[in-house]
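J.: What follows is a structure written as structure tokens; I'll ask about it next.
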Amino acid sequence: MSTEALVREKRERHIQPEAIVNDFSIQVATINGSGSQSSNNVLMRSIFRMGVPVSGKNLFPSNIAGLPTWFTIRASKQGYIARRKEVDFLVAMNPQTAREDVESLRPGAAVVYEQSLKLDGLRKDLVFYPVPFAELAKQVTEEVKLRKLLANMIYVGVVGQLLSIDKEEIKKSVVKQFQSKAKAIALNQKAIDLGFEYAEQSLTKADPLRVEHMDKTQGKVLIDGNAAGALGAMFGGVTVVTWYPITPSSSLCEQLIEYMKAYRVDKETGKATYAIVQAEDELAAIGMALGAGWAGARSMTSTSGPGISLMSEFVGLGYYAEIPAVIWNIQRVGPSTGLPTRTSQGDILFTYLLSHGDTKHLCLLPASVDECFEFGMEAFNLAERFQTPVFVLSDLDLGMNYWMADPFPYPQKPFDRGKVLTAEDLEKLGSFARYRDVDGDGIPYRTLPGTEHPAAAYFTRGSGHSENAEYTERPDDYQNNMDRLARKFETARKHVPQPVLEEEPDAEVGIIAFGSSHWAVTEARDQLKLEKNLKARYLRLRALPLTETLHSFVRSCQRVYVVEQNRDAQMAQLIRLELSQQPGQQDKIRSVLHYDGLPIDARSVADEIVALEKKASRKTEES
Amino acid sequence: MSTEALVREKRERHIQPEAIVNDFSIQVATINGSGSQSSNNVLMRSIFRMGVPVSGKNLFPSNIAGLPTWFTIRASKQGYIARRKEVDFLVAMNPQTAREDVESLRPGAAVVYEQSLKLDGLRKDLVFYPVPFAELAKQVTEEVKLRKLLANMIYVGVVGQLLSIDKEEIKKSVVKQFQSKAKAIALNQKAIDLGFEYAEQSLTKADPLRVEHMDKTQGKVLIDGNAAGALGAMFGGVTVVTWYPITPSSSLCEQLIEYMKAYRVDKETGKATYAIVQAEDELAAIGMALGAGWAGARSMTSTSGPGISLMSEFVGLGYYAEIPAVIWNIQRVGPSTGLPTRTSQGDILFTYLLSHGDTKHLCLLPASVDECFEFGMEAFNLAERFQTPVFVLSDLDLGMNYWMADPFPYPQKPFDRGKVLTAEDLEKLGSFARYRDVDGDGIPYRTLPGTEHPAAAYFTRGSGHSENAEYTERPDDYQNNMDRLARKFETARKHVPQPVLEEEPDAEVGIIAFGSSHWAVTEARDQLKLEKNLKARYLRLRALPLTETLHSFVRSCQRVYVVEQNRDAQMAQLIRLELSQQPGQQDKIRSVLHYDGLPIDARSVADEIVALEKKASRKTEES
Amino acid sequence: MATVKESPPPQKKVNRIGLTVADYKGKPSTLCDGCGHDAISSQLTKAFFELGIQPYQVAKLSGIGCSSKTPAYFLGKSHGFNGVHGRMPSLAAGTVLANRTLRVVGVSGDGDTASIGIGQFVHLLRRNLPIVYIVENNGVYGLTKGQFSATADLGSKLKTGVVNELPPIDLCTLAVELGATYVARSFAGDPKQLVALLEGALSHKGTSVLDIISPCVTFNNHPGSTKSYTWGKEHEEMLHEVGFVPYFEQINVDYEEGSALEVALHDGSRIVLKKLERDYDPTDRTCALSLLREASEKGQFLTGLVYVDPERENFLELLDLVEEPLALLPMERLRPPQEALDEVMESLK
Amino acid sequence: MATVKESPPPQKKVNRIGLTVADYKGKPSTLCDGCGHDAISSQLTKAFFELGIQPYQVAKLSGIGCSSKTPAYFLGKSHGFNGVHGRMPSLAAGTVLANRTLRVVGVSGDGDTASIGIGQFVHLLRRNLPIVYIVENNGVYGLTKGQFSATADLGSKLKTGVVNELPPIDLCTLAVELGATYVARSFAGDPKQLVALLEGALSHKGTSVLDIISPCVTFNNHPGSTKSYTWGKEHEEMLHEVGFVPYFEQINVDYEEGSALEVALHDGSRIVLKKLERDYDPTDRTCALSLLREASEKGQFLTGLVYVDPERENFLELLDLVEEPLALLPMERLRPPQEALDEVMESLK
Ligand SMILES: Cc1ncc(C[n+]2csc(CCOP(=O)(O)OP(=O)(O)O)c2C)c(N)n1
Ligand SMILES: Cc1ncc(C[n+]2csc(CCOP(=O)(O)OP(=O)(O)O)c2C)c(N)n1
Ligand code: SF4
Ligand code: SF4
Ligand SMILES: [Mg+2]
Ligand SMILES: [Mg+2]
């Protein structure tokens, strides 16, 4: 892997390096609504099919058509799939941004661009490939409307040729992209071929980038976190789904609709084993989810920041009246409307403490599409086991971008429906007290409406209630119930997904991260090790509340860097509080923050840690 | 003051002690809706008018009529006005609770009760005064409907006689209570006299409690925090008030309506210099308040827990788009509907961090009716100076109970309308950038709609905006703006009301508290000093964010007890985080928590601190 | 016939499933003596008893308010859910989606429905889910001590002297306009009519809205208030005499040709509307709306079945759900087979 | 007369306060080419220009959506406020309460108004504040890529194949029913009528609601969609030809006796409604409602001034506010004197 370091070094010295194979990123700059998505998918999939690990990130505006959008494909023989800060190969199709796009390139990078934009004058240290896309498009079709789309396909051909991407794989990818639409396939293939030809005849390769066959993607899949979460929900047995559209959450429910239509319609009767309802807003969405959870369904909703705020009151009811429901929060950049199409981990604290009064909620923190699938199922088990709303905190980067993964294993774990008493149980018991801590774990028993037994009924309320679910304003009743809820939360601490520890023998430094930051951190650890010989232990948090593991991890380190994607170091704050009973430990915590709306990248993390390490050593010298 | 200690000690040894003068609490147990409020007021005011410090606490159900309610009047020659746990004198008018009320009394206490309830059999260690209230009521009036009300007035007479309360003062209090309603005055006075007579003739004083004239209430007023807050708002120049009814907040706006009618109607034109609107819900209330604040009005709304949750989304807009508004949160017991008529400090963390994304808000923490008045004004100055929503966190105990105070001083401080550019300013400047940090304090300049200048207009939005208030999704624009907001918050740290320090030379122990806990803490400090010779420094927080003062205070103590009225030690968490850069300091923090819905009392605080101190010393011995 | 009984059934009388009225009672009410809401609770109790519905098959939901407390005061053997202010419709919708076999009854107040809750109310109506939605309408916020709600009369005055200057919302008009398929107005002081309308609603397959004037004796029962007992008694004008014949009592009600109108509900029950002054057909939407408009303009207090469409598909039918409660489906029917996952994974390669 | 002008005024032409059309333009639009919303923005620009309103006296507010972005695309010299989704009415209300001298225009979408925002919309209508409320109605959520809103046609189909099975909300009916005093329906494809209706709304003293069908060319412009250009052009049926005569142009419009109806607005401006097929009087509330009902039943697309009541008191009058903006009152007028405080304190002793 040391080539990586070497290459970097050379780049820094601005030397034209030798061939760079399967280790660079391509950025395609277009205008949104111009249908470049399919071109980009074909390009990405072709490389993927050549066995080269890829990841695709779509940087799009909060707008439907006419504004700049960038798609970045990273090829990485080492299998790194985090965002890569530097662009090595630019396809400049958007006049609005071409200038800035070119200026921000690293020296030595290559640029394919619409000839008429005349970009080659902008810099001397780049490789330029002018292409008359508009002209070429005319040769593909008479239909003026189609030309813009096809111009985008042409660059697939051009780039394919320049990077020596396997023509056959491109063909296959085109077929996959346009499914059975023969006409579309032919037309697009024609455009690609034209691009190929043009590049062969009119361009002379002058950059070091090349794609070569590998075997690192055998059997792997490309999927976004929202699709994975939807699959998790389906295989987790969701029955009632309520939602209100909001970017970047909508695609989770929209893909779920498709999957459920395909796999959850009763074979014999042809009837649906689920209800999916587009609510009038988020207050209604969470209300329906809680009503359904109360009545015994596995219910869920999905939203993003503004929706979470609107759900505050109802979520407090869910906590206090103890009603299961699963809530996905696909985080975007706040506060307020913020940047709806940019990514962030800015809702950690607010979601954890959502609603007035003493409230705390179970939060799952998926880092990968695999975990979106896994937690998509597990969230229901936890919600029903602990009779409380459970949040799954994903984000736009994880939820809407393309991630490579192994095919998801078919779930072996049966559903855990929690402490629900049936008529038979009641027959044996004779009676039950809805809010009594029978087992000492703080978790009471519940019955479902419709249970055929005279002792089954109880009254649920968000106001003060006794063990028997009767209305009460008694100080002791209130306090006992609140203490039990705290006990229940303690029990949950042991049942939520535990952190994953990646050991690093005799390392002084520790890194803590969660969610989509994981991939940048993994890569950054390699960079630190290779470039600075700085070894770092790594603890990846997977849920709130935080668990014991955290204590031992921090104890084992001299300095701990908490990496997260928000301004206020929200997770670091929770970590400090968790350590407050461990004298001296929380002083070890330092924050590495990334909050500009772009997915976090390894380089920034590594650089920041190096800088902070320098500071630390200076301090110790001084003292 | 050492009698206090003495007396307590004796009580503990169950001896019938000598006369207890002006230092006990009376509890009246009735049924809500039975109009006992006026009787209780007359009783309380009579003692108050005798120069004896009093406080009155109303413990009422979340219900309109027919459920138990208790009113506690505390007389304290030392001037303690916190709740007193022990009841010395019970008036048992409510059959539903009489038994339990009597059982919970301290030995030696006195009980006036409706004869027919036959309570005297219940305990041997109490003084019982049976009174045939129903019978007596018949003598007062023919009207059956009125009798229940008047029975309540009769006990005023009985209690008055037994505690030797000045008849004249009672008369005057009756007049004050019923204003100019001659008929009511006569009838009620008649009932009281009857009670007096009955006590004189049929009861023999057997308890040590007595009220004597003092001079400790000269010129003082009795007022509730909501009324004080309303006065603050009026003298602070509020112009737009939007609200939605909710206990315990409603009375703030309802009293404000009365005050504004009286003092804010334009003399010449007879027109209102304010608008008060009952909104359809809390989302609309905060929305209107923000719209008005944006347009330049001093706007406010008032609510409680559930309303705060519903305001989450809009408050985030206020923070990010930088719009002034004042929001009163009269805290009640949560989570969810919780105990609507009980008190709590359970919304600290949630309010401070309200809304998704990286948000933080200025919160004022009044401890007294004086501060409700003062902060009621100051909140507008801060909101307009910092162009952001400002919360005033009161609670039910402070807001709805009666507190003794000196008359409020007429405000000398002029309004601070903050950085608003007029047409003239713009003429000089030529242009302005809405979100630029011109002065380095993070606070930008704004203009009001309607400003007659071509450069005045700008576009406000909750989505990403540049310094010039233009739409942007640029990473740098976003991050710069968020950093400026953080800077603005830092500036505010120095401008919010600073903590009040009560020194205690060479004390090892420190206490931190805020809001309505203040009075219990003050009394508890005396108890600790007198009874255990335990001296404690005291820092009373008056606002969030926390300020430097906190650091030096904690440094100056060995152990710091944070007293608050919630389960999760919410303020202690914020304190720990604030201390996180001070190695070792946060280990000193311990929590004294009170969260059963009743106002916090000195005895519980003192006992808990003593217990924790014992633990601490044991620890140090061990180690 | 059920609804012509004059006196409440004697304690020991049992219904068709062998239960007594006592089996349908709830906890003692904590509302003010004489509160209209209590009168409605007893008619609900009676309606369920007479229909012989199993209490365990009923789910009671409500928002926040004095009215919303009442589900605790009837059907003590049914599950109940007192939610948050103004959001009962979504909780009720979720409940019936999870378990379509439940008889779902929602109780709300005028503040809970017309003020904070109008948004969820409107969207509930559009969905026509099988929910009986009862508004105990007293024109004020009782529980918060008497402020005006959005159904308060124009110009009506509070004890405090505050006058309401905003036009009241007519909930029946809104209900008919937005898609409710069973809309009635009634009066807490008219138990006979009320119980019949409730029984009809409980037998209807779509959303039923009952706007019931229910006097608040503490804050809005003063003379002149159109939400007071006196005003109600003096001004109630019945559209027709409402009778209800449950499906299990297939007796014929005899009346002269044309002197009554029968509406057959999907479960076989029938509503019999005996003509009084006017000749009114509640199955005609346009008539219903103009009737309501006329009434509100003339300040008339018309009670009875304002509108009914026994046939319109409800949301469960539109969703084409399985017959069984979704909540009770076993894992085998909820987790697709290995092949399904393989197929999806294949498509992602 | 203002509204009979066929072509937009040439660039250099100035209005009565000496401003050119350019002075009323905003930033370039970022909406899709051909989006109906842009057509509405240009008519707003034109209306303000023709009325000669000072841009600085205008406040533009909106919720969230493609439609709600448009305030950035007209009147660049006016303050604008793009708030949160579905809650523009409360922000607009607060704005006009704080400064009654502002001309307040709210722009919203059908999702922003009829779905999430229906609650605030309903209560805004009741208050009749001086606010021009524009709904750019395309039957879908444009900005979130084409899901159905609450005004989507029954049975209409998305590209994805999803079919809408819920009845659409008729915003004009709701507006008239709940108290709006100027209610119009129009079409982004009919600039001539639209500008006249906008000018009327801007001269009206209460709440005006304009439900403007505004095609979403990207997600809901397919044939068959009643929110498409073709459908609109083919089916638009004008109630009357709308003309507007501003108060500062007291010319007489001549038409034969009875061939037109004039409505005088409180500022002296007049709306002239030239008769076409039908004989319609928009000042009659009952007619307005039955007209709307008929239209929705027959699926007619009637445009024009549906209802107007130039006189009903607005909320500012009911509150009896001072003439000046509350926001600008000096401390002397806001802080009561020492005596006031003393008086209160005395009463508490
Ligand atoms: C979010 C929220 N806001 C305010 C309240 C306070 N509140 C309780 S009941 C109520 C009004 C109830 O009025 P209505 O629905 O008419 O019921 P009624 O008491 O008149 O039967 C209000 C405002 C609350 N519980 N929750
Ligand atoms: C609280 C909240 N929920 C959801 C969204 C996502 N969202 C943005 S615009 C929109 C719908 C806009 O539809 P419409 O009002 O019809 O405007 P159009 O785009 O069609 O003009 C939604 C759901 C949001 N911004 N805020
Ligand atoms: S206050 Fe009114 S509504 Fe509430 S219980 Fe009493 S009478 Fe009924
Ligand atoms: S998506 Fe539709 S509504 Fe949005 S800008 Fe494009 S055309 Fe207009
Ligand atoms: Mg009511
Ligand atoms: Mg729309």
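Chains as they are written, first to last, in this note's numbering: chain A, 925 to 1547; chain B, 925 to 1547; chain C, 18 to 366; chain D, 18 to 366.
The C-beta atom is built at its ideal place from N, Cα and C for all residues, glycine as well.
The structure presented is a predicted model; accordingly, all values stated were derived computationally and were not measured.
(1) Once you ignore the five residues that flank V157 (chain C) on each side, which residues in its own chain have a CB closer than 7 Å to its CB?
(2) Decide if F1274 (chain A) is buried, meaning its Cβ has at least 16 other Cβ atoms within 10 Å, or exposed.
(3) Does the stretch 1344–1361 of chain A touch the stretch 1467–1481 of chain B, meaning 3 or more C-beta pairs lie closer than 8 Å?
(4) For E936 (chain A) and P1031 (chain A), what's the separation of their Cα atoms in angstroms?
(5) Could you round the C-beta distance between G172 (chain C) and I135 (chain D) to whole angstroms and report it? I think they count as a contact, below 8 Å.
(6) Would the C-beta of L48 (chain C) count as close to ligand 8, meaning under 6 Å from any of its heavy atoms?
(7) Expressed to the nearest angstrom, what Euclidean distance is found between the alpha-carbon atoms of L1498 (chain A) and V1316 (chain A)?
(8) Any C-beta of chain D sitting closer than 7 Å to the C-beta of P992 (chain B)?
(9) Is the separation between the beta-carbon of L983 (chain A) and that of P1019 (chain A) shorter than 7 Å?
(10) Under a three-way DSSP split, which group does E1038 (chain B) fall into?
(11) Would DSSP call H1137 (chain A) helix, strand or coil?
(12) On the DSSP bridge assignment, give the partners of F1356 (chain A) in chain order.
(13) In angstroms, rounded to a whole number, what distance separates the CA positions of D1205 (chain A) and M362 (chain D)?
(14) I'd like the span of the beta strand (DSSP E) that includes Y1485 (chain A), first residue to last.
(15) Going by Cα to Cα distance, which pick from A:E1455, A:Y1485 and A:S1175 is closest to R1464 (chain A)?
(16) Let me check one thing: in DSSP terms, what residues is A277 (chain D) bridge-paired to?
(17) Within 7 Å (strictly less), CB to CB, does T235 (chain D) reach chain A?
(18) Out of curiosity, what's the CA-to-CA distance linking I1272 (chain A) and A1493 (chain A)?
(19) Given the structure, does V157 (chain C) come close to ligand 5, in the sense that its CB is under 6 Å from one of the ligand's heavy atoms?
(20) Check distances from the C-beta atoms of the stretch 156–176 of chain D to those of chain A and list, in chain order, the residues that come in under 8 Å.
(21) Between the stretch 1424–1443 of chain A and the stretch 1384–1393 of chain A, can you find at least three pairs of beta-carbon atoms closer than 8 Å?
(22) Among the residues of its own chain, which have a CB less than 7 Å from the CB of L108 (chain C), if the five just before and after it don't count?
(23) Along the chain, where does the beta strand (DSSP E) containing D1319 (chain B) start, and where does it finish?
(24) Closer than 7 Å, CB to CB, is E182 (chain D) near chain C or not?
(25) Consider the Cβ of C189 (chain D): report whether some Cβ of chain A lies at a distance smaller than 7 Å.
(26) So what's T1275 (chain A) in DSSP terms, helix, strand or just coil?
T.: Working from what's here:
(1) G163, Q164, F165, S166, A169, C233, F236 and N237
(2) buried
(3) no
(4) Any answer about E936 (chain A) is weak, because its pLDDT of 49 lies below 50 and its placement is not dependable; what the coordinates show is given next. For E936 (chain A) and P1031 (chain A), the distance between alpha carbons rounds to 9 Å.
(5) Their Cβ separation, rounded to whole angstroms, is 27 Å, which puts G172 (chain C) and I135 (chain D) out of contact at 8 Å.
(6) Among the ligands present in this structure, namely ligand 1, ligand 2, ligand 3, ligand 4, ligand 5 and ligand 6, ligand 8 is not found.
(7) 17 Å
(8) no
(9) no
(10) strand
(11) coil
(12) In DSSP, F1356 (chain A) forms no bridge with anything.
(13) 48 Å
(14) R1483 to E1488
(15) A:Y1485
(16) D:K291
(17) yes
(18) 10 Å
(19) yes
(20) Y158, G159, L160, T161, K162, Q164, F165 and A167
(21) no
(22) L78, F98 and G100
(23) P1313 to D1319
(24) yes
(25) no
(26) helix
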